[in-house]
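Comments concern the structure below.
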């Protein structure tokens, strides 16, 4: 399938069942349900699995759209979590991913693609949709924390849940900080934002 047919929509209650189908019974990555950066690490570990699923479900039920679902031919094949950086307090606690500067920004915390659609351009399409989504909500900077494997190094998909740097580059992001050889911080300046964050 071609990533050119990808359609992206905010995760709302009406799309919750699609989110569950994409993530599967294990919550995509060991019971994460995309809660890792949103809660303290100890709490995250304690609620892995079903309690993380319920926490994300409550977030969606509150009216917040914590990310975008990508569809091919009506089937959910990808997920991009994004929100204002302050909604991910875990990032601030990270030595590698701490803030670059004081400028307000939005963060892409997760980029998950169904195994059948990996390495087909879905990630880049999701990232471009994320830029549009953030722009419509007034963001001026969108930031991501991908993995950049060393030359010739293969990477298991389970370790690529923040995305791969090459997909971010293809979507117009550039490295603004590198505190680890394999974990750049990449940003895209957003023009035409409707309001400041």
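Residue numbers (the working numbering): 534 to 730.
We put the CB at the ideal spot given by N, CA and C, even for glycine.
These figures come from a predicted structure and were not determined experimentally.
Distance CB(residue i)-CB(residue j) smaller than 8 Å
i, j, result
"residue 611", "residue 544", "no"
"residue 563", "residue 581", "yes"
"residue 665", "residue 609", "no"
"residue 705", "residue 668", "no"
Reduced DSSP category for residue i - H, G, I as helix; E, B as strand; rest coil
i, result
"residue 660", "helix"
"residue 591", "helix"
"residue 555", "helix"
"residue 645", "strand"
"residue 569", "coil"
"residue 633", "coil"
"residue 627", "coil"
Residue i classed as buried or exposed, judged by whether at least 16 other C-beta atoms fall within 10 angstroms
i, result
"residue 559", "exposed"
"residue 729", "Because the pLDDT at residue 729 is just 44, under 50, the model does not fix this residue reliably, and the value given afterwards should be weighed accordingly. Counting Cβ neighbours within 10 Å, residue 729 comes out exposed, since fewer than 16 surround it."
"residue 535", "Legend: pLDDT at residue 535 = 45, less than 50; position of this residue unreliable, no value from coordinates given."
"residue 681", "buried"
Spatially closest choice to residue i from the options, by CA coordinates
i, options, result
"residue 713", "678, 703, 720 and 701", "678"
"residue 738", "542, 720, 547 and 589", "The chain is shown from 534 up to 730; residue 738 falls before or after that span and cannot be answered."
"residue 555", "683, 682 and 647", "647"
"residue 750", "568, 670, 710 and 662", "With the chain covering only 534 through 730, there is no way to say anything about residue 750."
"residue 694", "656, 683, 626 and 674", "656"
"residue 603", "701, 654 and 708", "654"
"residue 632", "650, 676 and 597", "676"
"residue 634", "716, 541, 710 and 684", "710"
Which residues DSSP lists as bridging residue i, in chain order
i, result
"residue 696", "Looking at the DSSP assignment, residue 696 forms no beta bridge with any residue, so it has no partner."
"residue 676", "640 and 720"
"residue 604", "540 and 609"
"residue 617", "639"
"residue 711", "717"
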